[in-house]
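Visitor: Going letter by letter, the sequence shown gives residues 56 to 219 in the numbering used here.
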Amino acid sequence: MELRTFNNSDGKLTATTATTSPQLTWIKGVDELKNITTTTYQPTSSGTYSVRVTDGNGCFEISKAVEVTILASENPLNDLGVSVYPNPSSNGIFKVAYTRFGNEIDATMQIIGLDGLPFNSQKMFRQNNTFEGEINASNLATGIYLLQIVSGEQKAVVKISIAK
C-alpha cells in the first residue's frame, strides 16, 4: 500500500497511489465524505482535508491533512447564488454559475474594476435552473475585480481575484 502524492493545486485535491484499483475515501476533519471516491476532489467549503487509500486486502493509509480555504465568492451555495471557480485565478479565466433568478431567459456577466470601469462582458447560457458561462480576463493585470451578473431586474456582484 503506498500513497504516492497528495496535493492541493488550484483549489483541487489530488491523490495518486501505487495501488492498483484503490478505494479512496475523502475526509474533512474527522468526517468521511460519502460517495466521493475519485482521485480528485474539489472542496466546496473551508476545512482540513485528507484522503484514505484502501487496497484489495483491506490495508489502508491516510494522507497528511491539508488546510483548504474557500473564499466567499467561491462558495457554490453563497447567498447571492453565484459560484466562481477558480478564485483566485492564475490565468484570468473564470467559470461562473448563477442560480438566483426568476423566469428570466437571459443573463450577462461583466468584470468591473474597483474604480468602476467596466471590462469584459459575456452572455451566460441557461442550463435547466442555472445560468452558466466562462469569462476570460487574461488580458487584465493581477489584482482584485468585481464580477457583476445581471438577469432581468436582479443583480449579483462578487469579488474575484487574478493572481498571475
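Each residue gets a CB set at the ideal place from its N, CA and C atoms; glycine is no exception.
In the DSSP assignment, what residue or residues form a beta bridge with GLU189?
Guide: Per DSSP, LYS150.
Visitor: Exposed or buried, THR92, counting other C-beta atoms within 10 Å across all chains shown (16 or more means buried)?
Guide: Exposed is the call here.
Visitor: Helix or strand or just coil, what does DSSP make of VAL85?
Guide: DSSP places VAL85 in coil when its eight states are reduced to three.
Visitor: Return helix, strand or coil for ILE91, following the three-state DSSP convention.
Guide: The answer is coil: DSSP assigns ILE91 none of H, G, I, E or B.
Visitor: Tell me which same chain residues have a C-beta within less than 6 angstroms of the C-beta of LYS178, skipping the five on either side of it?
Guide: The answer, listed in chain order, is THR163.
Visitor: Identify which residue in SER118, GLU187, ARG181 has its Cα closest to the Cα of VAL85.
Guide: When only C-alpha atoms are compared, the closest one is SER118.
Visitor: Are there 16 or more other CB atoms within 10 angstroms of the CB of ALA73, so buried, or fewer, so exposed?
Guide: Exposed, since its Cβ has fewer than 16 Cβ neighbours within 10 Å.
Visitor: Relative to the C-alpha of ASN194, which residue among ASN146, GLU116, THR185, VAL151 is closest?
Guide: Cα-wise, what sits closest to ASN194 is ASN146.
Visitor: Closer than 6 angstroms by C-beta to PRO131: which residues in its own chain qualify, once you throw out the five before and the five after it? Chain order, please.
Guide: Its pLDDT being 44, under 50, PRO131 is placed unreliably by the model, and the measurement read from it follows with that caveat. Closer than 6 angstroms at the Cβ level, and outside the excluded window around PRO131, lie THR99, SER138.
Visitor: Span of the beta strand (DSSP E) holding GLN177?
Guide: Its beta strand (DSSP E) spans residues 173-182.
Visitor: Rounded to whole angstroms, what is the Cα-Cα separation between THR80 and LEU201?
Guide: Their Cα atoms are separated by approximately 36 angstroms.
Visitor: Are the CB atoms of THR220 and THR71 nearer to each other than 8 angstroms?
Guide: Nothing can be reported for residue 220: it is not among the residues displayed for the chain, which extend from 56 to 219.
Visitor: Would MET78 pass as a contact of THR109 if the rule is Cβ separation under 8 angstroms?
Guide: Looking at the sequence itself, residue 78 is Gln, so the reference to Met does not match. Closer than 8 angstroms, so yes.
Visitor: Between the C-alpha atoms of PHE149 and ILE190, what's the straight-line distance to the nearest angstrom?
Guide: Approximately 5 angstroms, taken between the alpha carbons.
Visitor: Can you give me the C-alpha to C-alpha distance between ALA127 and VAL213, rounded to a whole angstrom?
Guide: Confidence at ALA127 is low in this model, with a pLDDT of 48, below 50, so the placement of that residue should be treated as unreliable; the coordinate-derived value is given next. If you take the alpha carbons of ALA127 and VAL213, they lie about 9 angstroms apart.
Visitor: Report yes if the CB atom of ILE199 is closer than 8 angstroms to the CB atom of TYR153, and no otherwise.
Guide: Result no, Cβ atoms of ILE199 and TYR153 do not sit closer than 8 angstroms.
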